[in-house]
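Let me begin by presenting the structure, written as structure tokens, before commenting on it.
In the numbering used here, the protein residues as written are 1 to 359.
Okay, here's the thing in structure tokens:
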């Protein structure tokens with residue numbers, strides 16, 4: 001993809017700020033995914049086919065613009081910490097959008113446990129990916145990494161849009177297993193391997209004192225956050241399965257959205273080399289919905305899930321805006337325009353063999 005990205009960035013005017021590219025791409029991604037999810041709130045794959053094609057195209061646009069923001073920063077001499085934070089922060093939010101739209105594209109609602117594992121596992125893969133950076137101080141890439149995952153998601157959306165949901169129900173000969181089940185098994189297997197692989201870095205490559213993190217904290221301390229966030233969806237479903245079956249999108253949003261904030265916070269801690277906050281009040285929001293069920297649901301489940309989801313969305317949005325404004329103010333750079341002290345722009349593009357899209 002480097003050839004395409006190097007070509008694409010040459011078509012971007014030199015007055016365009018890198019964060020503007022990422023921001024526009026994110027808005028396109030959000031605008032194309034939102035209608036799909038609003039018309040398939042149960043993640044059954046029943047939205048109009050053209051919406052899946054639009055979502056796939058929107059995500060490709062986001063991926064393309066997100067991939068060239070680093071190159072644009074070098075062209076314009078405007079690379080800074082804010083750009084890295086904005087880039088990875090948008091990726092963290094986009095990950096949740098693509099998980100929900102991907103679940104819809106496959107119609108994974110038929111298998112509630114698989115849906116739970118799919119969303120929770122991939123959220124944690126993203127968290128652990130940045131956790132290893134917090135420990136080692138450098139980015140590490142796997143054989144099947146962010147770029148490959150993004151294009152897999154784009155492919156699923158386009159295939160669903162072009163061939164229809166019935167494609168996944170084809171029964172494979174000899175093994176007599178539906179294609180959907182094979183697809184889910186492959187995705188979960190790769191995701192599980194990607195979850196485990198970073199621990200070889202986390203456990204052995206701490207760059208702080210005595211093998212600690214960049215902030216000189218325990219390399220295992222973020223496990224506390226994982227232990228807070230991971231169990232809730234499963235415990236809730238085991239206690240009251242009906243909300244997941246009847247309001248899948250709402251259920252998954254209310255019980256897993258705090259993982260987005262956890263990932264963004266990990267990114268921030270890695271960049272600033274400050275201790276990772278193990279707990280925010282938002283992390284307890286899913287537990288509140290679970291407690292309500294365990295004491296007999298004195299509050300109606302669905303309205304409560306909705307209120308908690310709104311709380312989480314607002315909290316994450318305010319957090320992201322606040323952090324971006326604080327960082328921009330601290331390093332004295334604008335967010336969506338080029339800083340006045342940027343180096344003279346150049347049209348040269350540094351050649352690279354890295355597979356990472358932000359190279």
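Note that the Cβ used here is the ideal one computed from N, Cα and C, for glycine as well.
- Burial state of residue 227 is exposed, judged by a 10 Å Cβ sphere holding fewer than 16 other Cβ atoms.
- Apart from the 5 residues on each side of it in sequence, residue 252 sits with its Cβ closer than 6 angstroms to the Cβ of 119 in its chain, given in chain order.
- Cβ-Cβ separation between residue 112 and residue 236: approximately 11 angstroms, too far for a contact (criterion under 8 angstroms).
- Per DSSP, reduced to three states, the secondary structure at residue 178 is strand.
- In the same chain as residue 98, and ignoring 5 residues on each side of it, the C-beta atoms closer than 7 angstroms to its own belong to 59, 153, in chain order.
- Shown here for residue 308: same chain residues with a beta carbon closer than 6 angstroms to its own, the five before and five after excluded, namely 254, 285, 289 in chain order.
- Between residue 260 and residue 198, the C-beta gap is not smaller than 8 angstroms, which leaves the two residues out of contact.
- Under a 10 Å Cβ-count criterion, residue 295 is classified as exposed, with fewer than 16 other Cβ atoms of the shown protein chains found around its own Cβ.
- Distance from residue 36 to residue 52 at the Cβ level is roughly 7 angstroms; contact confirmed, criterion being Cβ atoms closer than 8 angstroms.
- Distance from residue 140 to residue 150 at the Cβ level is roughly 18 angstroms; contact not present, criterion being Cβ atoms closer than 8 angstroms.
- Rounded to whole angstroms, the Cβ separation of residue 263 and residue 277 is 13 angstroms, and the two are not in contact under 8 angstroms.
- When the Cα atoms are used, residue 161 and residue 102 turn out to be separated by approximately 12 angstroms.
- Residue 311 and residue 229 have their C-alpha atoms some 16 angstroms from each other.
- For residue 171, the secondary structure class from DSSP, reduced to helix, strand or coil, is strand.
- Residue environment for residue 210: exposed (fewer than 16 other C-beta atoms within 10 angstroms of its C-beta).
- The residues 161, 164, in chain order, have a CB closer than 7 angstroms to that of residue 49 in the same chain once the five nearest residues on each side in sequence are set aside.
- A contact between stretches requires three or more CB pairs, one per stretch, nearer than 8 angstroms, and the stretch 178-187 fails this requirement with the stretch 65-78.
- About 6 angstroms separates the CB atoms of residue 89 and residue 267; that is less than 8 angstroms, so the two are in contact.
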